[in-house]
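Have a look at the structure below before the remarks.
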Amino acid sequence: MISSINQTAETIKIQASKINLEGYVTVTDLKVDGNIKFGGQLQGASGSFEGDLTSDFVTIGSSNPSYAGFSRSGLAVKMPERISTGNYTWNGEFVLGLGNGVINFGLEDSGFSPTYSFDGPITTHQGLVETIVSKGSNSKGHWIKYSSGKMEVWCTPIATTCTNTSGNVYRSDVFDVDFPQSFDDSHPISVALNVTAVGRWADIVNIPSSTGCRAHQYSTVYSTGNYSAFVYAVGMALVGVG
1 MISSINQTAE
11 TIKIQASKIN
21 LEGYVTVTDL
31 KVDGNIKFGG
41 QLQGASGSFE
51 GDLTSDFVTI
61 GSSNPSYAGF
71 SRSGLAVKMP
81 ERISTGNYTW
91 NGEFVLGLGN
101 GVINFGLEDS
111 GFSPTYSFDG
121 PITTHQGLVE
131 TIVSKGSNSK
141 GHWIKYSSGK
151 MEVWCTPIAT
161 TCTNTSGNVY
171 RSDVFDVDFP
181 QSFDDSHPIS
191 VALNVTAVGR
201 WADIVNIPSS
211 TGCRAHQYST
221 VYSTGNYSAF
231 VYAVGMALVG
241 VG
């Protein structure tokens, strides 16, 4: 193409296959119908895109991030300032990393384990999402409750002897096991017991109730040793309790 410059009272039209501008160029408004390619940086106070934005990595809030835990593919929101000057919590960098069929998100380089808060429900189309909704302990033991309604409990160990004859084995007196939280007994409650001694075992003697069960220890020999029985139970938690 032969280069040409045409000037009117209001416009200047430059036609060329290639235009080289050396030095600093200041433009008040720029409209481009084709493509723009930058070898350096594109900087601006604000901007909008009506089409797709494609990038290997997008950083919002700060430049030059360094993320050891994620490949450089995804979205990073970086706020280098401390959340509160009254404590040692740092905002760090929230990173959404995509790749190899896995989505990772978390706080990078902050030194803290993040806490995620969701105002609405979490929905998945491939399977259930199980989360802990509460956990705690009291004098009766420990418990964990899950979003599906399931509850697990670990009861305070109970020590007994085995001095009562029961056929070819010896057993303890019956002992009561109290659950640290009540189950919904309209659903099955499964209980497992184990004893910290060779030749000792334990089992329940009744159908578990919402608040506990009764059990015996057994031994192959007459035993005056006080050995603990550990009790684990799983079932559905009572709605609205704990």
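First residue of the sequence shown: 1, per UniProt numbering; consecutive thereafter. A virtual CB, placed ideally from N, CA and C, is assigned to each residue, including glycine. Keep in mind the model is a prediction, meaning the values are calculated, not measured.
For His142, which residues does DSSP report across the bridge?
-> To locate residue 142, count along the sequence shown from 1; it is residue 142. Bridge partners of His142: Ser137, Trp154.
Pick helix, strand or coil for Leu193, following the three-state DSSP scheme.
-> Within the sequence shown, numbered from 1, the residue matching residue 193 stands at position 193. Leu193 falls in the strand class under three-state DSSP.
Can you name the start and end residues of the beta strand (DSSP E) that Phe175 belongs to?
-> For the purposes of this step, residue 175 is identified with residue 175 of the sequence shown, where counting begins at 1. 175-178 is the span of the beta strand (DSSP E), which, as asked, contains Phe175.
Taking all protein chains shown into account, decide if Gly167 is buried (16 or more other Cβ within 10 angstroms of its Cβ) or exposed.
-> Stepping through the sequence shown from its first residue, residue 167 is reached at position 167. Label assigned to Gly167: exposed.
With DSSP as the reference, please indicate the residues paired to Tyr170 in a beta bridge.
-> As a first step, residue 170 must be located in the sequence shown, where it is residue number 170. In the DSSP assignment, Tyr170 is bridged to Thr165, Ser219.
If you drop the 5 nearest sequence neighbours on each side, which residues of the same chain put their C-beta closer than 6 angstroms to that of Ile158?
-> For the purposes of this step, residue 158 is identified with residue 158 of the sequence shown, where counting begins at 1. Cβ within range, chain order: Phe175, Ala229.
Considering only residues of the same chain and omitting the five flanking positions on each side of Arg171, which have a CB-CB separation below 7 angstroms?
-> The residue you call residue 171 lines up with position 171 of the sequence shown. So the qualifying residues of the chain are Cys162, Asn164, His216, Gln217, Tyr218.
With DSSP as the reference, please indicate the residues paired to Gln181 in a beta bridge.
-> Along the sequence shown, read from residue 1 onward, the residue named residue 181 stands at position 181. Note: Gln181 sits in no beta bridge, so no partner.
Residue span of the beta strand (DSSP E) that contains Asn6, given as start and end = Indexing the sequence shown from 1 puts residue 6 at position 6. Start and end: 4-7.
Return the bridge partner residues of Ser228 from the DSSP annotation.
-> Taking the sequence shown and counting its residues from 1, one reaches residue 228 at position 228. DSSP, once it has assigned bridges, lists Ala159 as partnering Ser228.
What residue from Ile14, Lys150, Ser117 has the CA that sits closest to Asp184's CA?
-> Within the sequence shown, the letter at position 184 stands for residue 184. Considering only alpha carbons, the answer is Lys150.
Mind checking which residues open and close the beta strand (DSSP E) that includes Ala202?
-> Here residue 202 refers to the residue found at position 202 of the sequence shown. Here the beta strand (DSSP E) through Ala202 covers 200-204.
Is it true that the CB of Thr224 sits closer than 9 angstroms to the CB of Val169?
-> What you label residue 169 is simply residue 169 of the sequence shown in a count that begins at 1. What you label residue 224 is simply residue 224 of the sequence shown in a count that begins at 1. When the beta-carbon positions are compared, Val169 and Thr224 stay at least 9 angstroms from each other.
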